[in-house]
Structure formats: structure tokens, C-alpha cells
Amino acid sequence: MDSALIPIQIIENKIFVIRGQRVMLDSDLAILYEVETKRLNEAIKRNIDRFPEDFMFQLNDDEWNILRSQIATFDKVLRKYKPYVFTEQGVAMLSSVLNSKRAIAVNVQIMRVFVKLRQLAFQPTQEIAELRKLLMLYIEKNDERVDEIIQVLNNLLESPREQKQIGFRTEE
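Going by my numbering, the sequence shown opens with residue 248, and the numbers climb by one from there.
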């Protein structure tokens, strides 16, 4: 598979929310980089100083069980160890550890997906603020049902709609 042809949707589906952070599994990254998970983890262990806990962490038993229950393909996968997961910064660091053209190209794509997800998280609030500005211009010219419209907008700003979670969140 050519790294330039990995659909964004495939990468998005491999990003989960664990401990309140967007992360990717070591096994998913290994597939994207076209290396064995074991080899990926060996390279990381040789360069462990590059991966502090906010870049990479190992899932605990509860997190691993929840993840396996949510993703049907994990039922068939037997692992000796619980997986490691990588935050956006950890994924970026992987390109320096896996010094191949494939790793660099895949990392560029993954970073673009993380940026896209971050931008989407702020979009609704910005749209509501723009709508409020337009409404204020409208209010200057008309005042029919304005109180109702203002109330709806204020409710949206005070409690914006819940953001779509990718993966799951566990209680610590």
C-alpha cells in the first residue's frame, strides 16, 4: 500500500480517546508503517527517552478490556502484553525513531488528521459566535421574536453540543 494512498478515514478510525487524549495503538501504527508491532516496540525501547508518558503510555487492564470489547477484530488478537498507545506528539516522535521514507510519509498523513480533528473541535463554537454577530446586526433593524432567538443562541453558547468522541473515555 502506497503511503500517499492511505485514506484519511482509515487513519481517523484508528484514533481513540483514552484518558482524555487522542491516541493511536502500537499495532495500528505498525500496520500503517508496514512493520511488525514487535519491531516497532523494540525501536521505541531503544529510544525510550524520546517517549515520556505524555507521548506514550501502556493501557491498563480495564482500558484494554474496554477497547477489545469495542473493536471486534481484537477478540481474535492474542497479545502477550497490553498495547502501548501514542499521543499526537508520540506519533510525531516515531518518525525520528523509524527512519524510513514510509514512516515519514505516514506520519505526515497522521499529523494532518490530528490537526483536522483539533480544528473540528472548535468549529461549532466559532459558528455560533458568527451567528450571534449576524443576529446583532439584524436586531438593529427588526425586533420581532428577537428575545426567542437570543435565548436559543445563549443556550447554545452556554452548553455547546457535545463533541463527537472517537473511541472511548475511561474513568481514572
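A virtual CB, placed ideally from N, CA and C, is assigned to each residue, including glycine. In this text the structure is predicted, and so the values were computed from the model without any measurement.
How would you write the range of the alpha helix (DSSP H) that residue i sits in, first residue to last?
| i | result |
| --- | --- |
| ASP257 | Checking the sequence shown, residue 257 turns out to be Ile, not Asp. Start and end: 255 to 259. |
Counting only the same chain and skipping the five closest in sequence on each side, list residues whose C-beta sits under 8 angstroms from that of residue i.
| i | result |
| --- | --- |
| ILE255 | GLN356, ARG359, VAL360 and LYS363 |
| MET271 | LYS261, ILE262, PHE263, VAL332, PHE333, VAL338 and ILE357 |
| ASN307 | LYS329 |
| ALA277 | GLU283, THR284, ARG286 and LEU287 |
Is residue j closer than 8 angstroms to residue i when the C-beta atoms are compared?
| i | j | result |
| --- | --- | --- |
| VAL344 | ILE291 | yes |
| ILE253 | LEU279 | yes |
| GLN305 | LYS329 | yes |
| ASN288 | ASP273 | yes |
| GLU335 | ARG266 | no |
Between which two residues does the beta strand (DSSP E) carrying residue i extend?
| i | result |
| --- | --- |
| TYR331 | 331 to 333 |
For residue i, count neighbouring C-beta atoms within 10 Å of its own C-beta (all shown protein chains included) and say buried if the count is 16 or more, exposed if not.
| i | result |
| --- | --- |
| TYR331 | buried |
| ASP322 | At ASP322 the pLDDT is 47, less than 50, meaning the model places this residue with poor confidence; the figure from the coordinates comes in the next sentence. The residue in question, ASP322, is exposed, as its Cβ has fewer than 16 Cβ neighbours within 10 Å. |
| ASP309 | exposed |
| ASN346 | exposed |
| ASP301 | exposed |
| ASP275 | buried |
| GLU409 | In this prediction, GLU409 scores a pLDDT of 48, lower than 50, which makes its location untrustworthy; no coordinate-derived value is stated. |
Might you give, ordered along the chain, the residues of its own chain that have their beta carbon closer than 7 angstroms to the beta carbon of residue i, omitting 5 neighbours on each side?
| i | result |
| --- | --- |
| PHE298 | ILE291, GLY337 and MET340 |
| ARG365 | none |
| GLU281 | ARG349 |
Less than 6 angstroms between C-beta atoms, sequence neighbours within five positions excluded: which residues of the same chain meet that for residue i?
| i | result |
| --- | --- |
| TRP311 | LYS329 |
| ASP296 | none |
| ASN354 | SER342 |
| MET303 | TYR331, PHE333 and GLY337 |
So does residue i have its beta carbon nearer than 7 angstroms to some heavy atom of the ligand MG?
| i | result |
| --- | --- |
| PHE361 | Annotation note on the ligand MG: not contained in the displayed structure, which lists no ligands. |
Threshold first: 3 residues or longer. Then list the beta strand (DSSP E) segments lying entirely within the stretch 271 to 322, N to C.
303 to 305
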